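Data block below; observations after.
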Amino acid sequence: MFQGPLVAAVRCASGREPVTAGKPNTPSFDYIRRQWNITPERTMMIGDRLDTDIKFGRSHEMKTLLVLSGRHKLEDVMRNRAKGHFEMVPDYYSPSLEALLDVNDQA
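The opening residue of the sequence shown carries number 1283 in the numbering used here; numbering runs sequentially from there.
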């Protein structure tokens, strides 16, 4: 969802700069860290979007796993890597969450 016009309207009406709280921005991470007392180095962000989920994890020192059954695919990862957008390149990827669960069931 493109929120640019809405943000611009609020900025104009209020005369203040907005703070974006959602992923990949820091206010949401700060809340999660306080609420659940997480240690970023021991936490993995799992998601299907490079521009929100993976960028969120990488920006906050977490390991990242891209699930390829959602929005972004391996081709998108390769494109980001080639362009130097490493904040949107996951540490790991999986075809689906189900594939991860199947591996754990066999162990």
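Positions of the beta carbon are idealized from the N, C-alpha and C atoms, including for glycine.
Computed from a predicted model, the values in this text were never measured in an experiment.
Tell me the residue span of the alpha helix (DSSP H) that contains residue i.
i: L1332; result: First-last for L1332: undefined, no H or E at that position.
i: M1370; result: Run containing M1370: none; DSSP gives neither H nor E here.
i: A1290; result: 1286-1296
Could you check how far apart the C-beta atoms of residue i and residue j are, in whole angstroms? I think they sit under 8 angstroms.
i: I1328; j: V1349; result: 6 angstroms
i: M1326; j: T1308; result: About 18 angstroms separates the two Cβ atoms, so there is no contact after all.
Can you tell me the Cα-Cα spacing of residue i and residue j, whole angstroms?
i: F1368; j: G1297; result: 35 angstroms
i: S1378; j: A1303; result: 28 angstroms
i: Y1313; j: D1333; result: 20 angstroms
i: R1315; j: D1330; result: 21 angstroms
In the DSSP output, what is residue i paired with across the bridge?
i: Y1375; result: L1348
i: M1327; result: T1346
Go ahead and pull the three-state DSSP assignment for residue i.
i: I1314; result: helix
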